[in-house]
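Notes to accompany the following structure.
Protein chains: 2
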Amino acid sequence: MSRILIEHVDAVTLDPDRPLATDVCLALEDGRILAVAGERPHPARFVPDETIDGRELLALPALWNAHCHAAMTLVRGWAEDLPFERWLNERIWRAESALEAEDVYWGTALACCEMIRAGVAGFADHYFHMDQAARAVEESGLRALLAWCFFGRDRSEEVGGAGLDESAAFARRWHGQAGGRIRTALGPHSPYMCPPDALRGAGEAARALGVPVHLHLAESDEQVRVSRATHGRAPVAHLEACGVLEGPTLAAHCLALDDAELALLAARRVTVARTPKTYLKLAMQDAAIRPLLAAGVRVALGSDGPASSSDLNLLEVLRLVGLLEKGRARDAAAMPVAEILRLACAAGAEALGFPASGRLVPGAAADLVLLDTRGPHWCPRHDLAAGAVYASHPSDVRHLIVDGRVLLREGSLTTLDEARIRAEAERRALRMTGQELARVRTYRG
Amino acid sequence: MSRILIEHVDAVTLDPDRPLATDVCLALEDGRILAVAGERPHPARFVPDETIDGRELLALPALWNAHCHAAMTLVRGWAEDLPFERWLNERIWRAESALEAEDVYWGTALACCEMIRAGVAGFADHYFHMDQAARAVEESGLRALLAWCFFGRDRSEEVGGAGLDESAAFARRWHGQAGGRIRTALGPHSPYMCPPDALRGAGEAARALGVPVHLHLAESDEQVRVSRATHGRAPVAHLEACGVLEGPTLAAHCLALDDAELALLAARRVTVARTPKTYLKLAMQDAAIRPLLAAGVRVALGSDGPASSSDLNLLEVLRLVGLLEKGRARDAAAMPVAEILRLACAAGAEALGFPASGRLVPGAAADLVLLDTRGPHWCPRHDLAAGAVYASHPSDVRHLIVDGRVLLREGSLTTLDEARIRAEAERRALRMTGQELARVRTYRG
C-alpha cells in the first residue's frame, strides 16, 4: 500500500475533541490514517509515495450512500413529472423488463463515476444481476454493501430471475472480496412484496453468513394498512415476527412508523436509510429524521436510485436533510452541520459494515475527500463545514481517497474509463427504453 | 456588437411550439437572437466574430434571480445553525453595522462571479450603498434591477444612511445605465419596517420615475397580526392603501396571504419573488407556489442573500421548487420541468424589466447559458431539460452570454478578476465580523 502525505490542509474531522483542524498534515499509510498533526511525520519514519498540496483544500471524511439502486442510472430522466403509478408501471418496470445482466455492469460503473465525483467512499446497493455490480465496484476502488434483490414469488415474473438461494449464494460469493472493500447483504425487496417465508429465509440466511439484511420498509400509511389487514401487524412488527430483526438490518425509508415501531427499531439496532430527494420528487410520504434520532434509532443517508432522485449527489443530500429538518421543526438551530456530517459519514460507514471509516483521526480508514474551496461560493471562509453542507458541488471534489487509494486525482478518475462508460451506458439505456439509436451522438470524451 | 454562432447545439427554448430544438445553430447579433435553425446562416449575410462548438452542450435561456442582497456574500457562513432572532441580532445586524460603502462593491462583485458561474443573466438586488453595487454590475456585464433599501425612520439607526430621497436619487441616477443593463427600483424595506409615509412616498417616487417598487412583504402570520393591530389591515391591503400597488411591484416572499390578498396581488400584477432555500434554512413559514399561480399571481424565483441561503446557485433553486411543490401537493406530476424553467427565465426577466429575455427564439435578447452535458450525472440523455433542473451544477455552466456578450468562456470569467475579488472580499468580511486577519491565508488564485 502507498503512503500519502497531505500538507497544509484544513480538516473537518468529526472528532468531537477537535472538530476543525486547521493547517495540518494528514499522513496515510496502509489504508489507514497514521497522523493528523501540525508537523509532517519525521522523514526517517515516513517517506510518502505521493504528496498533495492541501492549501485551499478542505479535508472531510468521505460520504456514504446508505441506499441506492446504482444501475438505475440507465433510466435517469426516463420518467419525469409522472404520477407515481404511471412512473412505475408505464416507465420504470417496462424499461427494467429489458434489463440484461451486462447492463448492470455499465449502469453501476456509471454510478461509480458519479459517486466518486461526489466524494462517496461506499454505497449500499440493492438491485439485480449483482455479480455485474460487484465487478464494477471491484474495478472502481469504491467500497460497497451489495444485495441481490429478490421477491420470493413466481420466478417467471421476476427481473433478474433470482430468488432467496441466488441472493444468498451471491452474498457468500462476494462477501469480503476486493480486499475487503465489498461486503454483502441479503436483499429481500420488502415486506409488502415478499411473502413471510421469503423474509424468514432471508433473515436465516443472513445470520448464517454473518451479513445484514437490506430491504425497503414502511414507505407509506397504505403499506401499513395492507400489512395490518394481511398479516395482522404493521410492517416493522411483521419483520420482527419473521425473525429478520434478530440480525443486523438496513431498512430503507421507514416513513410510516408508530411509537412502538420506533422503539423496536431502536432496540434491534436497525439502521434506517433516508433518501429525502426521492420522497419529494415522487411525492411520497415525507417524514422527519429527528424523531428517529430522539428515539435512539440509527439513521444514515442515501440517494435512492437515479430513476427517482435524478442523481447520486450525496453533497446535495446533506443540504436537503439540513433544510428539510429545520423547515419541519420551524427551528433554524435544528439538525446542525456536525450532526448532518455524522449521519452521512460515520453512521453510514457503520451501517454498511465499515466502522473504521467516517472520521479523520489516527487509526481510522483512509477514506477522505478533498474539496477545493477556491470557488466564489466558498468565500469568505467563515465556516468551512457549513460550506461543505450548504454550498458545495461535486465539481469541488478535487481528490477522493478510499482505502488509502486515490480514486480521483485533480478531478480525474484514476480507476474507470469514464468516456467509454458513458457511451456504453447510454447505448444500453436507449435500447432498454426502446428509443432510436439515431438519437445517440458520439461523446467527445 | 459582436456576432456569435453556436453550432450543433441542443436547446431548451421555452418556446411552446418547439420546446426542445436538437442539433441547431444559434446565431446572435447585436445582443439579440437572430436565428435558431437547422442550418447556419448564409455566410454572405452573417460572418461570426466567435464560433462555439455546441456539441455536448445544452443551451438554455439564462436564469434570473428575482430577489437577493448580493453583497451579503460577505456574511456567508457567519451565522449557522442559530435561531432566527439570534441569527439576526447577534450576527447579521452586528456585522452589517461595520459595513463600509466599498464593502458593497466587493461583496457584489463576488456575488456576480458566483451568479455568472450559475448561469444567471440578471438579478434584483436590494441593499445599501447601491452606487457601489451598480459599479460592480456595470463591470460584470450582468443585468440587474437595483434598489437602495431604506427604512424611512430615524436616519441615525440606519445602515447605509439613506432615506427615501437617496433611494429615489439613486434610482434616477442609474436607471438605464450600462447600456440599459441596469434598471432601478425604489427600495422601501417592508411594510413592517417602514412607516406608511415612507411606503406612500416610495410608490409616488417610483411612479414619477417609471420604475417599480421592490420590497419584502407578508413573511409570517405574526407580521399579518401586527399589521392588522397597527394599521387595521393585512400587509397587502396596507400596501394598497398606501398606493404602492398602483405601480409595478416586486414583492419578496408573501408567505402569509389570504384569498382576498391573492386576488389583489393578481389584479395589481404584482410579481411575488420566492426564495425557497432561505425559508427552510431559517425555518421561516414556508408556502406553496402553485396556489399563487392558480390565482393568477405572477411568480419569479430567487436566492435571497447568502447570509441565509449560503449561496446564489439558481440551478439549485430550480430543483428545490420542483421537489418542494411535488412533495407539498403529494403529486409527482405537479410543477413540471417546463413550468419551473418558465418561472426562472421568462417570468423573472419580465419582473425585472427585461421582457425580451427568457426564451431562445428569434428576436429575443441574447441571454443564454450553455451547459456541458458530459458529466456522468447527465448520462443517459433521456431528458435534457429535466437534467438541467434536477441534476445540474454551476460547474456544468461552460459559457454564459448576456446581452450578446460572453461573460463566461470555457468556464473562465471574462469581465471580473475573480482571484482579486475573493481575496479582497474575504479581507473585508473578516474585518466586518471582527475576526483575526491572521486566519486569512493567500489564495492560490
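If you're matching them up, the sequences are chains A and B in order.
The opening position of the first sequence corresponds to residue 6 in my numbering, with each subsequent residue numbered one higher.
The opening position of the second sequence corresponds to residue 6 in my numbering, with each subsequent residue numbered one higher.
Beta carbons: idealized from backbone N, C-alpha and C, even for Gly.
Check your understanding: CA-CA distance, Met340(B) and Glu105(A)?
Key -> Between Met340(B) and Glu105(A), the C-alpha separation is close to 34 Å.
Review point. With a cut-off of 8 Å, do at least 3 Cβ pairs link the segment 312-321 of chain A to the segment 175-184 of chain A?
Key: Taking a contact to require three or more Cβ pairs closer than 8 Å, the segment 312-321 of chain A and the segment 175-184 of chain A do not qualify as touching.
Check your understanding: Which residues bound the beta strand (DSSP E) around Tyr110(B)?
Key -> Not the beta strand (DSSP E): Tyr110(B) falls in the alpha helix (DSSP H), residues 106-122.
Review point. If we cut at 8 Å on Cβ distances, does Glu429(B) have a partner in chain A?
Key: No, Glu429(B) does not count as interfacial toward chain A.
Check your understanding: So, helix, strand or coil for Arg37(B), using DSSP?
Key -> Here Arg37(B) carries a strand assignment [DSSP, helix/strand/coil].
Review point. Who are the near neighbours of Leu10(B) in its chain, counting only those whose CB is closer than 8 Å to its CB and skipping five residues on each side?
Key: Excluding sequence neighbours, Leu10(B) sits near Cys30, Leu31, Ala32, Leu33, Arg45, Pro46, Phe51, Pro53, Glu55, Thr56, Ile57.
Point to revise | Beta carbon of Ala349(B) nearer than 8 Å to that of Leu68(B) | key: In this structure, Leu68(B) lies closer than 8 Å to Ala349(B) by Cβ.
**Study point:** For Glu431(B), the three-state DSSP class (helix, strand or coil)
**Key:** Note: Glu431(B) maps to helix in three-state DSSP.
Practice item. Say whether chain B places a C-beta atom closer than 8 Å to the C-beta of His404(A). Key: No, because no Cβ of chain B sits closer than 8 Å to the Cβ of His404(A).
Point to revise | Three-state class that DSSP yields for Phe3(B) in the structure shown | key: Only positions 6 to 450 of chain B appear in the structure, and residue 3(B) is not among them; the question remains open.
Exercise for review: Determine the direct distance from the alpha carbon of Gly82(A) to that of Ser145(A), and round the result to whole angstroms.
Suggested key: Here the alpha carbons of Gly82(A) and Ser145(A) stand approximately 24 Å from one another.
Review point. When you compare only the Cα positions, how much space is there between Pro399(A) and Glu431(A)?
Key: One C-alpha to the other measures close to 21 Å.
Exercise for review: For the alpha helix (DSSP H) containing Thr235(A), list its first residue and its last residue.
Suggested key: Segment 226-236, the alpha helix (DSSP H) holding Thr235(A).
Practice item. For chain A, find out if any of its Cβ atoms is closer than 8 Å to the Cβ of Pro296(B); answer yes or no. Key: So, not an interface residue.
**Study point:** Neighbourhood of Phe89(B) by C-beta, 8 Å cutoff - its chain only, sequence neighbours within 5 removed
**Key:** Only Leu287, Ala288, Met289 meet the Cβ criterion.
Exercise for review: Kindly list the residues whose CB is nearer than 8 Å to the CB of Pro24(B), restricted to its own chain and excluding five residues on each side of it in sequence; keep chain order.
Suggested key: The residues are Val17, Thr18, Ala343, Ala390.
Review point. If we count Cβ pairs, one from each stretch, closer than 8 Å, do we get three or more for the segment 115-131 of chain A versus the segment 411-421 of chain A?
Key: Contact between the segment 115-131 of chain A and the segment 411-421 of chain A is present, because at least three Cβ pairs lie under 8 Å.
Check your understanding: Any C-beta of chain A sitting closer than 8 Å to the C-beta of Leu375(B)?
Key -> Interface annotation, Leu375(B): not in contact with chain A, CB-CB separation never under 8 Å.
**Study point:** Cut-off 7 Å between Cβ atoms - residues of its own chain near Asp136(A), not counting five sequence neighbours on either side
**Key:** Within the same chain, Phe175 come within 7 Å of Asp136(A) by CB-CB distance, once the 5 residues on both sides are set aside.
Point to revise | Buried versus exposed call for Ser102(B) [16 or more other C-beta atoms within 10 Å across all chains shown] | key: Under the 10 Å beta carbon count, Ser102(B) is surrounded by fewer than 16 other beta carbons and is classified as exposed.
Exercise for review: Would you mind working out which of Ala64(B), Thr27(B), Asp28(B), Arg433(B) sits nearest Val407(B), comparing C-alpha positions?
Suggested key: Closest option to Val407(B), Cα to Cα, is Ala64(B).
Check your understanding: Would you say Leu267(B) faces chain A, with C-beta separation under 8 Å as the test?
Key -> So, not an interface residue.
Point to revise | When Cys199(B), Met77(B), Ala49(B) are compared against Asp309(B), the one with the closest alpha-carbon | key: If we check each option's Cα against that of Asp309(B), Met77(B) comes out closest.
Exercise for review: Can you grab the Cα-Cα spacing for the pair Arg230(A) / Ala351(A), in whole Å?
Suggested key: The straight-line gap from Cα to Cα measures roughly 34 Å.
Exercise for review: With DSSP collapsed to three states, give me the class of Gly208(B).
Suggested key: DSSP places Gly208(B) in helix when its eight states are reduced to three.
Check your understanding: Exposed or buried, Arg347(B), counting other C-beta atoms within 10 Å across all chains shown (16 or more means buried)?
Key -> Per the 10 Å Cβ criterion, buried.
**Study point:** Asp28(B) in three-state terms, based on DSSP
**Key:** Of the three classes helix, strand and coil, the one that applies to Asp28(B) here is strand, per DSSP.
Exercise for review: Please decide whether Trp179(A) counts as near chain B, where near means a Cβ-Cβ distance under 8 Å.
Suggested key: No - not a single Cβ of chain B is within 8 Å of the one on Trp179(A).
**Study point:** Which listed residue (Arg212(A), Ser314(A), Ile38(A)) has its alpha carbon closest to that of Thr280(A)
**Key:** Thr280(A) has its Cα closest to that of Ser314(A), out of Arg212(A), Ser314(A), Ile38(A).
Review point. On the three-state DSSP scale, how would you describe Arg347(A)?
Key: Reduced to three states, the DSSP call for Arg347(A) is helix.
**Study point:** DSSP state of Tyr448(B) mapped onto helix, strand, coil
**Key:** For Tyr448(B), the pLDDT reaches just 34, beneath the cut-off of 50, and the residue's location in the model is therefore unreliable, although a value from the coordinates is still provided. Tyr448(B) falls in the coil class under three-state DSSP.
Review point. Taking any Cβ of chain A, which residues in the segment 19-37 of chain B have a Cβ under 9 Å from it, in chain order?
Key: Correct list: Thr27, Asp28.
Check your understanding: Under a CB-based cut-off of 8 Å, is Trp83(A) close to chain D?
Key -> Structure shown: chain D not included; protein chains present are A and B.
Check your understanding: Within 8 Å (strictly less), CB to CB, does Asp422(A) reach chain B?
Key -> Residue-level contact by beta carbon fails for Asp422(A) and chain B, as no gap is shorter than 8 Å.
Review point. By Cβ distance, which residues of its chain are closer than 8 Å to Ala334(A), with the 5 residues on each side in sequence left out?
Key: Within the same chain, and ignoring the five residues on either side of Ala334(A) in sequence, the residues whose Cβ sits closer than 8 Å to its Cβ are Ala293, Arg295, Met340.
Review point. Three-state secondary structure (DSSP) at Ser417(B)?
Key: Three-state result, Ser417(B): strand.
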